[in-house]
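The next block holds one structure in the form of structure tokens; read it before the comments.
In the working numbering, the protein residues as written are 78 to 990.
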């Protein structure tokens, strides 16, 4: 006879009533909802970021305060006299006992496990509290190098109430772990976070400080009343990529909700994997844990088990796996660098054919390590052969430097990875860091290959926050769908993913909340993030409430081509002789297109590329390949009227300067066809995937040009600032300033209307002289600081006048200098040099950036306002302002849209290749 009942909030109304109709639901559907206790109720979220120690979340504490509001009330109720001894016990699967704590008052009940079952002895009937300590889909604490194909733990937990006597089973109830949900960009913005990066000690501080971005974001938020929280250097340690470190989500239960910061498995500092002991992970664990702000960092508490050639095993903790990856990555990067350098030094009629004959990068580690000596020899021989070529005969010192530093790179890689021939094995020699001693790891060759593959996915940039975006609600997914960049493929009989399979399984494991994954192919990008290609923005202008903005080379080149045609039509016969048609580069003819009746400025004037190949950076920062091709074309001439220095990789750091300006003729000429191929294939495929997932939600295009394809990796990156990599704050879009080509207002209007009539992302009527001027799009701005010297001139004002001369056709440079000084009162000393610090300068040329005007019109058509942000610091490091900011938004938590009221949604088919 049943004499005890297990009561809980089975009807999910936020309280335990004990009514029969509530109890009748105990084994149907989702049962009672458990919200994991991942916050810290005794602490409020600080308004300022300061250094601090990791904060322990409530679920990990050994005592429980009565005021802790996450554990759920459960009651064991006596319904009739027991009629004899009835020692009460709760039973569940042993695996579930690891993620569910049972409390009697302030006492945590200790379970006993046997035969896969956990037993929680109770002192008798009465009030209990169930505390969820984990989430569904949690990663395993220990795994081998071939991830298990078994499904991760699901959200359901069945709890049985028994008498440990002849009375036997009494009752049972179903409990469901609340899923981690992610909010879209439409919620109310409560805070914006950004890192402050400033280091005047470096030789080129204007390339190593993000002050312009911080100030532009602050200015955009100020009238909105949205707080900007800055992260200081002593917290971020030089790591500015706050979007990538964590993804903000929330847990929602009938009794309330909390934010949860998903701490992503990212050990990088800045854009590169480096041997450092600090990155933004310290911010996540020390700043965010607070009342109703949880932190989930299970991905930082995993071990890998590896096997040596003699059969012994050892463990590599996730926190130490970055050192292993750094050593192994050095081998792959050395191989990649040698291949790129061979292509770099090759010149002459046969160069293209010989480039095509070069092998690609190795897919396995042991082969790559053994390739290094042979590739170094090939590079040295190629450099010697090219020494007498037209390109290199005047720069043999550069060739010699290439050989010397390449040899040093190979030596460092081979010393860190010692090879044994028989039996094939390697020894990884992990270096000492500030907080970790040196360590050797012995592996068989096959195990080394498996470890390299596992570490590539474990630390893949596909796991970062920029690769997780939330699309709009649909009929089958009222809370939206989560879009990630991932391709699932088969290699050597194994299923391989771009994302860490544990993270991918975790995200898929939240599908019971009604937010399925949409996987798109971003493997063609260097970083591989969704936010490099698209942004979901809120709008009231259509029935969907959302639009998708995506990067488009087609629109960018359409604008450039229209400008080029208008410029050509405005040239006299004599002027046309200075611009070959069809175009070919000349070191003596003018690069600037500032002649005729319709002059056009160069793109990205006043900006510089960064080249940093420092030894502690595993991913070197290099000027784009389009720039390198332009520089090589200029270097092929014995005498040049231009200043386009060649970068000489590998080297510690070259400050150049490497001017980023490029003309409307040069850019299409040095494009290798990558952009057209992307539009025809990858970007079209992405559009189709989005249409399949979200129906007819509008997809509008923004002008972005991608770099030439890196033949060694098969990847590319944004060449012009990535307008799709924007941040949403209410009805404002924080958009990276594109520094696109500029034209006089009437010419800009004509070009924009012409392109709009063809591409129809925006109405041609949106562009008028009055509108462009009213919206202040005829203003040119640039951030500079007193350390800045770019262009010819004896002082800062003269250098700026030289850099922006093409915006003042027919005006003497001295007059341009004076106009710039007059337009910026208080910015310059009398001698023309800038006063100290960063300055946002106005360049009074009266031109319109057609990339800006197009983007502004697209935003206005959606009822949104653009706020321009100088994000050049991020752009030269393969990102933009979305990568450099993170936002706290209010999620949708009304009961009518509660996830438990939605039908469970099956996962869509993964993107496969």
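Positions of the beta carbon are idealized from the N, C-alpha and C atoms, including for glycine.
Everything numeric in this text was worked out from a predicted model, so none of it was measured.
In this structure, the alpha-carbon of residue 109 lies about 6 Å from that of residue 251. For residue 324, the enclosing beta strand (DSSP E) stretches over residues 323-330. In the assembly as shown, residue 173 is a buried residue. Its beta-carbon has 16 or more other beta-carbons within 10 Å.
Ranked by how close their Cα comes to the Cα of residue 701, the residues 755, 767, 633 and 785 have 785 in first place. Taking the Cα positions, residue 143 is about 8 Å away from residue 182. According to DSSP, residue 272 shares a beta bridge with 308. For a cut-off of 8 Å, the C-beta gap from residue 401 to residue 222 is around 12 Å, too long to register as a contact.
DSSP places residue 169 in the uninterrupted beta strand (DSSP E) bounded by 165-170. Shown here, residue 912 sits in coil according to DSSP, grouped into three states, outside any helix or strand.
When secondary structure is reduced to three states using DSSP, residue 582 falls in the helix class.
For residue 921, the closest alpha carbon among the candidates 928, 899, 445 and 247 is that of 899. Contact annotation, residue 134 with residue 366: C-beta distance approximately 5 Å; criterion of less than 8 Å satisfied.
According to DSSP, residue pairing for residue 391 in a beta bridge involves 383. Contact between residue 648 and residue 672 is confirmed by a C-beta separation of about 6 Å, below the 8 Å threshold. Under DSSP, residue 333 takes part in a beta bridge, and its partners are 330. Just measuring C-alpha positions, the residue of 314, 448 and 123 sitting nearest residue 370 is 123. By the Cβ neighbour-count rule, residue 847 is exposed, with fewer than 16 other Cβ atoms within 10 Å of its own. Assignment of beta-bridge partners to residue 918 by DSSP yields 859. At least 9 Å separates the beta-carbon of residue 298 from that of residue 587. When the beta-carbon positions are compared, residue 590 and residue 261 stay at least 9 Å from each other. Nearest in C-alpha terms to residue 195, of all of 215, 164 and 237, is 237. In summary, residue 121 is exposed, with fewer than 16 beta-carbon neighbours lying within 10 Å of its beta-carbon over all protein chains present. Around the C-beta of residue 812, 16 or more other C-beta atoms lie within 10 Å, and the residue is accordingly described as buried.
Along the length of the stretch 434-469, whole beta strand (DSSP E) runs at least 3 residues long do not occur. Per DSSP, the beta bridge partners of residue 110 are 253. Between the alpha carbons of residue 205 and residue 96 lies a distance of about 18 Å.
For the pair of segments examined, the stretch 502-516 was found not to touch the stretch 304-320: the number of CB pairs separated by less than 8 Å stays below three. Residue 220 is bridged by DSSP to 381.
The residue from 715, 767, 860 and 631 with its alpha-carbon nearest to that of residue 780 is 631. Residue range 189-191 is occupied by the beta strand (DSSP E) that includes residue 191.
Scanning 361, 757 and 628 for the CA closest to the CA of residue 130 turns up 361. Residue 802 is classed as buried because its beta carbon has at least 16 other beta carbons within 10 Å across all chains shown. Relative to residue 806, the option among 85, 104 and 269 whose CA is nearest is 269. Contact annotation, residue 628 with residue 604: C-beta distance approximately 13 Å; criterion of less than 8 Å not satisfied. DSSP places residue 710 within a helical segment (H, G or I) once states are collapsed to three. Exclusion of the five residues before and after residue 441 leaves 526 as the residues of its chain whose Cβ lies within less than 6 Å of its Cβ.
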